[in-house]
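Notes follow once the structure below has been shown.
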Amino acid sequence: MRRFRFDFAIDKPGRDACHRFTAHKPAVHGVGALAAIALLGFLEPLLRAPLGAGAAIRAIDATHTTLAAALLAGVLAMLLGTAWSVLALLLGGRPGHGPGHGPGRALDRAAGWLAGLPLALLPALVAAALGPGLGPDLLIVGVALSAAPAAAVAARRTLRARPRREYAMAARSVGLTPLAVLVRHTAPNLAGPLLAALWPALPRALAVSSFTGMLGLGVPPGVAIWGGQIGAALSTPSLMALLPPALLLAATLAALHTVGDGLAHAFDADGEAP
Amino acid sequence: MADMASSGARPSPFPRFARAMLSFTLRRLAGTLPGLLLLAALAGGAGLGSPSRAAWSGLERALAALPVTAALVAGALAVGLLAGAPLGLLAAGGPAAAGRRGAAAGPLVTALAGLGPAVPAFLAVALLYAAHPTTDGAAPLLALAALAVAPLTETARLARSALTTASETGYALAARGRGVPPGAVLRRHALPAALVPVAGALGALAGALAAAAVPAEALFGLPGAGALFLDAARAGDTATAAAAAAALGGLTLAARTLGATLCGWLDPRRRSG
Numbered sequence: 024m025r026r027f028r029f030d031f032a033i034d035k036p037g038r039d040a041c042h043r044f045t046a047h048k049p050a051v052h053g054v055g056a057l058a059a060i061a062l063l064g065f066l067e068p069l070l071r072a073p074l075g076a077g078a079a080i081r082a083i084d085a086t087h088t089t090l091a092a093a094l095l096a097g098v099l100a101m102l103l104g105t106a107w108s109v110l111a112l113l114l115g116g117r118p119g120h121g122p123g124h125g126p127g128r129a130l131d132r133a134a135g136w137l138a139g140l141p142l143a144l145l146p147a148l149v150a151a152a153l154g155p156g157l158g159p160d161l162l163i164v165g166v167a168l169s170a171a172p173a174a175a176v177a178a179r180r181t182l183r184a185r186p187r188r189e190y191a192m193a194a195r196s197v198g199l200t201p202l203a204v205l206v207r208h209t210a211p212n213l214a215g216p217l218l219a220a221l222w223p224a225l226p227r228a229l230a231v232s233s234f235t236g237m238l239g240l241g242v243p244p245g246v247a248i249w250g251g252q253i254g255a256a257l258s259t260p261s262l263m264a265l266l267p268p269a270l271l272l273a274a275t276l277a278a279l280h281t282v283g284d285g286l287a288h289a290f291d292a293d294g295e296a297p
Numbered sequence: 051m052a053d054m055a056s057s058g059a060r061p062s063p064f065p066r067f068a069r070a071m072l073s074f075t076l077r078r079l080a081g082t083l084p085g086l087l088l089l090a091a092l093a094g095g096a097g098l099g100s101p102s103r104a105a106w107s108g109l110e111r112a113l114a115a116l117p118v119t120a121a122l123v124a125g126a127l128a129v130g131l132l133a134g135a136p137l138g139l140l141a142a143g144g145p146a147a148a149g150r151r152g153a154a155a156g157p158l159v160t161a162l163a164g165l166g167p168a169v170p171a172f173l174a175v176a177l178l179y180a181a182h183p184t185t186d187g188a189a190p191l192l193a194l195a196a197l198a199v200a201p202l203t204e205t206a207r208l209a210r211s212a213l214t215t216a217s218e219t220g221y222a223l224a225a226r227g228r229g230v231p232p233g234a235v236l237r238r239h240a241l242p243a244a245l246v247p248v249a250g251a252l253g254a255l256a257g258a259l260a261a262a263a264v265p266a267e268a269l270f271g272l273p274g275a276g277a278l279f280l281d282a283a284r285a286g287d288t289a290t291a292a293a294a295a296a297a298l299g300g301l302t303l304a305a306r307t308l309g310a311t312l313c314g315w316l317d318p319r320r321r322s323g
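Top to bottom, those sequences are chains E and Y.
So the first sequence is residues 24 to 297, counted in our numbering.
So the second sequence is residues 51 to 323, counted in our numbering.
As structure tokens, then:
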């Protein structure tokens, strides 16, 4: 008996997405690279003996702090962006004027306008306003705010497309309440494509936090991140001191982008079969 | 008019096209003005805590330094677009794809496409400065070369995927089915459609370059709005830093307007929006 690509009796959308993700070789390599970079931080005491106390060991030592700050800021940006888009969707259009006008559309336009600005300067501006006593939590919030508009634009596309899917329309036509449709159908089908659409917030947060650290602004004294080490190497300037944190940053950004491509391939955000 | 009708001569479509483009461009410019006014208001609002003279002088200094940054960003965009777009188009296909140029361009563009996300513009500036730290006459060229890496990689990637898609659209296939030569299909149908995403990316690229211009100007000793922003931020001068950031934001808005205008020129469907 010929087996179709997706057998509704056996396959589940999540399992099918996993198959598509693992079939995307660059994404699998990206996951491996991210795991290796995260593991480097744990191996730092073992690597200290062969590498000495040079720039390489300092860069490895800063791995967990950098990744943790980027992860927190990126997740916060995803949440802010999703909340922004959900609010715009709920506000909708002006009564009697259709979806093209009204507060929801104004929120969407504002997100698009803000996303085009050089918001990478926002954390540095906040640091300038609040002075050198800025804590790491405010820096993370500043980085998240700089990445949130782009996340809102990405979430908007996904949220506006999904509710019009046939399964939501069919569920409503048989009498399910909007809340039941949301909980049982829309939300489970939205989670994967939304993650794929919002994933670029993570590499953006890492890039913005490293950029701010490189400028020497907003990073508390004694906190080692790759951007701060790049900035310190530039003050000398020393290419050998710059290379370890720069290479780790480039490798992490490349890995995050390939994982994002894999997620987009797996969940196929535009809804068509790959 | 009667003579033209009786003689069968067709009126030139150029005046209608020129009028449509002028109207579209003016509409886009008018749409940008509220954003520029808002940025100016934000810059002014950030200086509320400072003496009013200090807030105004910060804005004046930012506007005076903006042409240096604009020249740097425009130069980097031009170099990146002029180098990256042909590379991506060569790699995508068309009549040259079967030749040596197309065959060599494909792996190169693939490598550039991987390099782009891994090396953001500020990191390219840092690497180039660390390799060649200088503030002499070559500094502007080095800063421009460092900033051009990001638009080059992004443009090559966009052009390749856009031309691949455009070559397989219904209208391109229909033209080939009618016997139009492949070169003419590429030139008249696929190429304008392929350049639309490249033009549309101008705004986003300008935003990234405006931010990367801050370390570029500071490191290479260029007196632009980016260097002014960094000096003001380090000194705690919020008014001047906000004014410089607003100036960089205005530059980005101008680039986005230019990109949208080019998109409207290349794709008539966008002129009605």
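We put the beta carbon where it would ideally sit given N, CA and C, even for glycine.
Are the beta-carbon atoms of residue i and residue j separated by less than 8 Å?
i: Ala-273/E; j: Leu-173/Y; result: yes
i: Ala-176/Y; j: Pro-265/Y; result: yes
i: Ala-262/Y; j: Thr-302/Y; result: no
i: Pro-223/E; j: Gly-283/E; result: yes
i: Leu-86/Y; j: Gly-300/Y; result: yes
i: Arg-207/E; j: Ala-134/E; result: no
i: Leu-257/E; j: Ala-147/E; result: no
i: Ala-200/Y; j: Gly-166/Y; result: yes
i: Ala-193/Y; j: Phe-270/Y; result: yes
i: Pro-268/E; j: Ala-82/E; result: yes
i: Leu-278/Y; j: Ala-294/Y; result: yes
i: Leu-314/E; j: Thr-86/E; result: Since the displayed chain E opens at 24 and closes at 297, residue 314/E lies outside it and no answer follows.
i: Ile-163/E; j: Ala-92/E; result: yes
i: Thr-181/E; j: Ala-220/E; result: yes
i: Leu-92/Y; j: Ala-292/Y; result: yes
i: Arg-210/Y; j: Ala-115/Y; result: no
i: Ala-240/Y; j: Ala-216/Y; result: yes
Distance, Cα to Cα, residue i vs residue j?
i: Ala-150/E; j: Pro-172/E; result: 20 Å
i: His-288/E; j: Arg-43/E; result: 7 Å
i: Ala-234/Y; j: Ala-225/Y; result: 9 Å
i: Ala-143/E; j: Pro-232/Y; result: 44 Å
i: Val-159/Y; j: Leu-132/Y; result: 14 Å
i: Phe-234/E; j: Thr-185/Y; result: 21 Å
i: Ala-78/E; j: Arg-71/E; result: 11 Å
i: Ala-268/Y; j: Arg-284/Y; result: 12 Å
i: Ala-243/Y; j: Ala-258/Y; result: 25 Å
i: Ala-177/E; j: Leu-114/E; result: 18 Å
i: Gly-64/E; j: Pro-247/Y; result: 40 Å
i: Leu-139/Y; j: Leu-153/E; result: 48 Å
i: Ile-248/E; j: Leu-308/Y; result: 37 Å
i: Val-118/Y; j: Ala-275/Y; result: 7 Å
i: Leu-90/E; j: Pro-49/E; result: 21 Å
i: Ser-261/E; j: Ala-124/Y; result: 29 Å
i: Ala-128/Y; j: Gly-108/Y; result: 29 Å
i: Glu-218/Y; j: Ala-206/Y; result: 19 Å
i: Ser-290/Y; j: Gly-241/E; result: Looking at the sequence provided, one finds Thr at residue 290/Y rather than Ser. Between Thr-290/Y and Gly-241/E, the C-alpha separation is close to 18 Å.
i: Ile-253/E; j: Ala-264/E; result: 8 Å
i: Pro-170/Y; j: Ala-161/Y; result: 15 Å
i: Arg-66/Y; j: Pro-318/Y; result: 12 Å
i: Leu-245/Y; j: Gly-134/Y; result: 12 Å
i: Ala-90/Y; j: Pro-36/E; result: 49 Å
i: Cys-41/E; j: Leu-225/E; result: 20 Å
i: Gly-139/E; j: Ser-108/E; result: 17 Å
i: His-52/E; j: Val-197/E; result: 45 Å
Query raised in the report: Between the stretch 272–290 of chain E and the stretch 226–239 of chain E, do at least 3 Cβ pairs fall closer than 8 Å?
Result: Taking 8 Å as the limit for Cβ pairs, the verdict is that the stretch 226–239 of chain E does touch the stretch 272–290 of chain E.
Requested in this report: Starting from the N-terminal side, write out each stretch of the alpha helix (DSSP H) that is 4 residues or longer and does not extend beyond the stretch 231–287 of chain E.
Outcome: 249–258
Report task. Give a yes or no on contact between the stretch 187–205 of chain E and the stretch 159–177 of chain E, applying the rule of three or more CB pairs nearer than 8 Å. Result -> no
Report task. Please go through the stretch 219–266 of chain Y and give each complete alpha helix (DSSP H) segment of 4 or more residues, from N-terminal end onward. Result -> Within the stretch 219–266 of chain Y, the alpha helix (DSSP H) runs of at least 4 residues that lie entirely inside it are, in chain order, 220–227, 232–235, 241–250.
Query raised in the report: Are three or more beta carbon pairs between the stretch 310–320 of chain Y and the stretch 70–78 of chain Y nearer than 8 Å?
Result: yes
Requested in this report: Run through the stretch 166–228 of chain Y for me and flag every whole alpha helix (DSSP H) of 4 or more residues, listed as ranges in chain order.
Outcome: 171–181, 189–217, 220–227
Query - Within the stretch 129–207 of chain E, ranges of the beta strand (DSSP E) (whole runs, at least 3 residues) - result: Those beta strand (DSSP E) runs which fall completely within the stretch 129–207 of chain E and span 3+ residues do not exist here.
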